[in-house]
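As structure tokens, then:
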């Protein structure tokens, strides 16, 4: 199995629905013998680059195919898309991209299409395209910047001309940042250890945060296995630090998985007090506990809980974090599937967010602090939710965070992270306290 063939098989599979990361993992696991790490990485790059650029790839291909790309046989369609992605966006030399695509077409039993694949790829790869070709702003966002029509409409309605810079930023994945486990090591000691493992480490603009270029998977690092750090984006770290958790406090993380914020909270608590980390999906609860165990955290307990229902058995908490389920429109760079969301059911999502936020407030001690956060840039899920909460809870106010990061927008209703300004994930966090 070649990496190109595996990527094409995954693209065919992806058309039948499913999360892209699960689709790719399934194809990699079926591969016998397994691809080595370099080939697996190349296959992943082809797969994700093709997904990220799908509408634009089809726009280019459709100019040179006799019938629409959507009506071609699935294997031929996937080969064309992957081949063009390699030639235009992966710096693969055109002859290699074309010749390997033609060979793959034949290997997939579509020899009759080999000549067409050859001709179309050569012409599409040489064709010029720029954003000014799309005078309609929604068409530019949907086709040139590869977003679903509903996402394009939402971005343009909320951000106007700035939507183009925002959309462009989603092609730039944020650099990997980690959180130092101060219960077990120091910034300097972890930096030295990671450098000795062959990774490139630089300080990040938050206390106990480092930016790392890993030579392989972060989880393969000996420092990770020893629980010296966890991977967490800067914006996510910011949200957890806004909670201001202190040693000895009672702290609640209402929507805890995958666990990065809970780990940051427990470390800020110096492993003293009690942290309750709730999670709705039962299978994720032991994964949370596993993360606590790896990092030597004993003050935290992972529990199955529906954050949309108020748990009357719990005590009142000094600090509550509501990192609510959201549309994910701030993490498109990491999750290309989100580009093509239809946004159906957004009203139900907004209602759930409001319930969770209210439950967080109802679980808060008199002089406590509540943080509401999302990984989306959608104003409806962010500032509008805080405004609605304040209208229903006039005894609360928004507090300015004690920490900041370059490029963030601190508004009267919370702090906004827009990727083209911050270089991070798109994010939102609001600190709420009683007046």
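In the working numbering, the protein residues as written are 230 to 664. Backbone N, C-alpha and C define an ideal beta-carbon position, used for all residues, glycine too. Computed from a prediction, not measured in an experiment: that's the story for all the values here.
Non-local C-beta neighbours of residue 422 in its own chain, meaning closer than 6 angstroms and more than five positions away in sequence, comprise 452, ordered along the chain. When DSSP states are grouped into helix, strand and coil, residue 566 belongs to the helix group. Assignment of residue 374 by DSSP, reduced to helix, strand and coil, places it in the coil class. For the alpha helix (DSSP H) assignment, the uninterrupted runs of no fewer than 4 residues enclosed by the segment 606-640 are, from N- to C-terminal side, 612-621.
Checking the DSSP bridge columns, you'll see residue 431 partnered with 440.
CA-to-CA, the gap between residue 283 and residue 362 works out to about 17 angstroms. Residue environment: residue 429 is assigned as exposed (fewer than 16 neighbouring CB atoms within 10 Å of its CB, all protein chains considered). By the Cβ neighbour-count rule, residue 441 is buried, with 16 or more other Cβ atoms within 10 Å of its own. The shortest C-alpha to C-alpha distance from residue 387 to any of 367, 576, 509 and 523 is the one to 367. The Cβ neighbour count for residue 261, taken over all protein chains shown within 10 Å, is under 16; the residue is labelled exposed. In this structure, the CA atom of residue 312 is about 14 angstroms from the CA atom of residue 356. Taking the C-beta atoms as reference points, residue 272 is found nearer than 9 angstroms to residue 236. Put simply, the segment 463-479 touches the segment 490-502. At least three CB pairs are less than 8 angstroms apart. Counting the other CB atoms within 10 Å of its CB gives residue 653 a total of 16 or more, which places it among the buried residues. The segment 567-578 makes contact with the segment 537-557, as at least three CB pairs between them are under 8 angstroms. Of the candidates 264, 310 and 482, 310 places its Cα closest to the Cα of residue 244. If you draw a 10 Å sphere on the C-beta of residue 248, you find fewer than 16 other C-beta atoms in it, and that means exposed. Contact check for residue 585 against residue 659 fails: the beta carbons are separated by 9 angstroms or more. Distance from the CA of residue 568 to the CA of residue 307, rounded to the nearest whole angstrom, comes to 19 angstroms. The beta carbons of residue 512 and residue 459 sit no closer together than 9 angstroms.
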